[in-house]
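Heads up, the sequence shown is in our numbering, so the first residue is 150 and it goes up one at a time.
The beta-carbon is built from N, C-alpha and C at its ideal position, and this holds for glycine as well.
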Amino acid sequence: MAAWRAANRDRITAYNRVYEPRMREQVKKRQSIVRSRTVPFTIEQLQSRISYFGGRCWICGDAAEHIDHVKPIKAGGWHMLSNLRPACALCNRRKSSLWPIKDSDLELIRAR
Numbered sequence: 150m151a152a153w154r155a156a157n158r159d160r161i162t163a164y165n166r167v168y169e170p171r172m173r174e175q176v177k178k179r180q181s182i183v184r185s186r187t188v189p190f191t192i193e194q195l196q197s198r199i200s201y202f203g204g205r206c207w208i209c210g211d212a213a214e215h216i217d218h219v220k221p222i223k224a225g226g227w228h229m230l231s232n233l234r235p236a237c238a239l240c241n242r243r244k245s246s247l248w249p250i251k252d253s254d255l256e257l258i259r260a261r
């Protein structure tokens, strides 16, 4: 990968000039949406929520490294405790912004 990057510096620079501003705008838009759909909670309340699930992924039961929005912000979900559950990185990435979630979807996400 490092050799490819070294050989294609101009290509990478041109790509970044085009796509970095777009990504910044997407990040700003998402942050604005999250701020407008937030019900405040404390870190202690979040830790209690994680403890309720035993620190395990709500989808597969492995150790949780992420916090998942059950109903994604993108699908109209809110950033509030009742919409948050612990998830392992793999399940959280696989679930992404899937909504509504069916049992068959969860089985596909769980499959390793």
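Since P235 contacts A213 with CB under 8 Å, what's their CB separation in whole angstroms? Sure, about 3 Å apart at Cβ, within 8 Å.
Beta-bridge pairing of A108 - partner residues as DSSP gives them: The structure shown does not extend to residue 108, since the chain is modelled only from 150 to 261, so the question has no answer here.
Under 7 Å Cβ to Cβ from K220, same chain only, skipping five residues before and after it: list those, please. If we look at K220 and ignore the five residues flanking it on each side, its Cβ neighbours are G226, N232 and W248.
Of all the CB atoms in chain B, is at least one closer than 8 Å to the CB of E256? Absence of chain B from the displayed structure is noted, only one protein chain being present.
Distance between V188 and P170 (C-alpha atoms, nearest Å): 30 Å
CB-CB length for V183 against H228, believed under 8 Å: 5 Å
Candidates R186, D159, A152 and R243: which alpha carbon is nearest A224's? R186
Sequence-distant residues of its chain with Cβ nearer than 6 Å to D211 (five each side left out): C237
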